[in-house]
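The opening residue of the sequence shown carries number 587 in the working numbering; numbering runs sequentially from there.
Where is the CB? At the ideal position from N, CA and C, for every residue including glycine.
Heads up, the thing below is written out as C-alpha coordinates.
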Amino acid sequence: PIVTIVAMAAREATGTEGYHAGHLLDSNWMVCVMSIPLLAAIPYAFMALLIRRFGAPTDLTSAGLYVGLTSGGIGAMGYAVHCNDDSLAFIAVWYVTAITVCSFLGGALGARIMRW
(Lines of atoms letter the chains of each structure in order from A; the text may use other names.)
(Lines give C-alpha, C1' and ligand atoms only; values in the text may rest on other atoms or scores of the structure.)
Protein backbone atom coordinates (compact mmCIF):
# COMPACT_ATOMS: atom_id res chain seq x y z
CA PRO A 587 0.00 0.00 0.00
CA ILE A 588 2.80 2.45 0.73
CA VAL A 589 4.44 1.92 -2.66
CA THR A 590 1.07 2.35 -4.36
CA ILE A 591 0.24 5.62 -2.62
CA VAL A 592 3.72 7.01 -3.29
CA ALA A 593 3.45 6.06 -6.97
CA MET A 594 0.02 7.68 -7.21
CA ALA A 595 1.34 10.82 -5.50
CA ALA A 596 4.24 11.00 -7.95
CA ARG A 597 1.82 10.62 -10.85
CA GLU A 598 -0.37 13.36 -9.41
CA ALA A 599 2.62 15.67 -9.04
CA THR A 600 3.83 15.14 -12.60
CA GLY A 601 0.53 14.89 -14.41
CA THR A 602 -1.61 17.62 -12.91
CA GLU A 603 -1.24 21.15 -14.17
CA GLY A 604 -2.89 22.65 -11.10
CA TYR A 605 -0.59 20.83 -8.70
CA HIS A 606 1.80 22.85 -6.59
CA ALA A 607 4.18 21.99 -3.76
CA GLY A 608 1.81 23.61 -1.27
CA HIS A 609 -0.22 20.41 -1.30
CA LEU A 610 2.62 18.72 0.54
CA LEU A 611 3.11 21.39 3.18
CA ASP A 612 -0.46 22.39 3.80
CA SER A 613 -1.33 23.99 7.10
CA ASN A 614 -2.30 20.72 8.79
CA TRP A 615 0.86 18.66 8.40
CA MET A 616 1.93 19.06 12.02
CA VAL A 617 -1.59 18.33 13.23
CA CYS A 618 -1.54 15.13 11.18
CA VAL A 619 1.82 13.95 12.50
CA MET A 620 0.77 14.61 16.09
CA SER A 621 -2.87 13.47 15.93
CA ILE A 622 -2.35 10.04 14.42
CA PRO A 623 -0.07 8.79 17.24
CA LEU A 624 -2.42 10.29 19.82
CA LEU A 625 -5.39 8.55 18.23
CA ALA A 626 -3.37 5.34 18.07
CA ALA A 627 -2.53 5.31 21.78
CA ILE A 628 -5.76 3.68 22.96
CA PRO A 629 -5.79 0.93 20.29
CA TYR A 630 -2.11 0.28 21.04
CA ALA A 631 -2.72 -0.07 24.76
CA PHE A 632 -5.73 -2.33 24.17
CA MET A 633 -3.91 -4.62 21.72
CA ALA A 634 -0.71 -4.71 23.80
CA LEU A 635 -2.62 -5.72 26.91
CA LEU A 636 -4.52 -8.38 24.97
CA ILE A 637 -1.27 -9.81 23.66
CA ARG A 638 0.25 -9.70 27.11
CA ARG A 639 -2.73 -11.47 28.65
CA PHE A 640 -3.61 -14.03 25.98
CA GLY A 641 -0.42 -14.34 23.93
CA ALA A 642 3.15 -15.12 24.68
CA PRO A 643 5.35 -13.17 22.27
CA THR A 644 8.97 -14.21 22.30
CA ASP A 645 10.27 -11.17 20.41
CA LEU A 646 8.72 -8.30 22.32
CA THR A 647 10.21 -5.56 20.14
CA SER A 648 8.81 -7.05 16.93
CA ALA A 649 5.44 -7.66 18.55
CA GLY A 650 5.37 -4.05 19.74
CA LEU A 651 6.39 -2.85 16.27
CA TYR A 652 3.53 -4.72 14.60
CA VAL A 653 1.02 -3.60 17.22
CA GLY A 654 2.26 -0.03 16.72
CA LEU A 655 1.88 -0.38 12.96
CA THR A 656 -1.67 -1.67 13.32
CA SER A 657 -2.66 0.97 15.84
CA GLY A 658 -1.06 3.64 13.64
CA GLY A 659 -3.29 2.51 10.80
CA ILE A 660 -6.31 2.71 13.06
CA GLY A 661 -5.27 6.18 14.20
CA ALA A 662 -4.80 7.24 10.56
CA MET A 663 -8.31 6.05 9.72
CA GLY A 664 -9.69 8.07 12.61
CA TYR A 665 -7.76 11.16 11.56
CA ALA A 666 -8.76 10.78 7.90
CA VAL A 667 -12.40 11.21 8.84
CA HIS A 668 -11.74 14.80 9.94
CA CYS A 669 -8.77 15.76 7.76
CA ASN A 670 -9.58 18.18 4.96
CA ASP A 671 -6.24 17.66 3.15
CA ASP A 672 -6.87 14.99 0.56
CA SER A 673 -3.84 15.45 -1.68
CA LEU A 674 -2.10 12.17 -2.43
CA ALA A 675 1.28 13.78 -1.75
CA PHE A 676 0.07 14.88 1.70
CA ILE A 677 -1.19 11.40 2.48
CA ALA A 678 1.94 9.71 1.10
CA VAL A 679 4.31 11.81 3.18
CA TRP A 680 2.57 12.75 6.43
CA TYR A 681 0.30 9.78 7.04
CA VAL A 682 3.16 7.36 6.35
CA THR A 683 5.46 9.42 8.59
CA ALA A 684 2.92 9.34 11.44
CA ILE A 685 2.31 5.61 11.06
CA THR A 686 6.07 5.01 11.04
CA VAL A 687 6.38 7.00 14.26
CA CYS A 688 3.67 4.79 15.78
CA SER A 689 5.54 1.67 14.67
CA PHE A 690 8.85 2.73 16.19
CA LEU A 691 7.22 3.90 19.41
CA GLY A 692 5.35 0.61 19.58
CA GLY A 693 8.58 -1.32 19.13
CA ALA A 694 10.28 0.70 21.85
CA LEU A 695 7.40 0.26 24.27
CA GLY A 696 6.71 -3.36 23.37
CA ALA A 697 9.61 -4.72 25.39
CA ARG A 698 8.26 -3.05 28.53
CA ILE A 699 4.52 -3.41 28.12
CA MET A 700 4.23 -6.94 26.71
CA ARG A 701 6.67 -8.61 29.08
CA TRP A 702 5.01 -11.64 30.64
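- Per DSSP, R639 is one residue of the alpha helix (DSSP H) stretching across W615 to F640.
- Note on P587: under 16 other CB atoms within 10 angstroms of its CB, so exposed under the neighbour-count rule.
- Here the alpha carbon of A593 sits roughly 15 Å from the alpha carbon of Y681.
- Non-local C-beta neighbours of M633 in its own chain, meaning closer than 7 Å and more than five positions away in sequence, comprise V653, T656 and S657, ordered along the chain.
- About 5 Å separates the Cβ atoms of D671 and N614, confirming a contact at the 8 Å cut-off.
- In this chain, the alpha helix (DSSP H) harbouring R698 covers V682 to I699.
- In this structure, DSSP gives T656 a helical state, which the three-state scheme calls helix.
- Taking a contact to require three or more Cβ pairs closer than 8 Å, the region 640-651 and the region 619-627 do not qualify as touching.
- Only buried fits A626, as 16 or more other CB atoms lie within 10 angstroms of its CB.
- In this structure, DSSP gives T644 a state outside helix and strand, which the three-state scheme calls coil.
- The alpha-carbon separation between G641 and A694 amounts to approximately 19 Å.
- Around G661, the same chain offers I622, L625 and A626 as residues with beta carbons nearer than 6 Å, after the five sequence neighbours per side are excluded.
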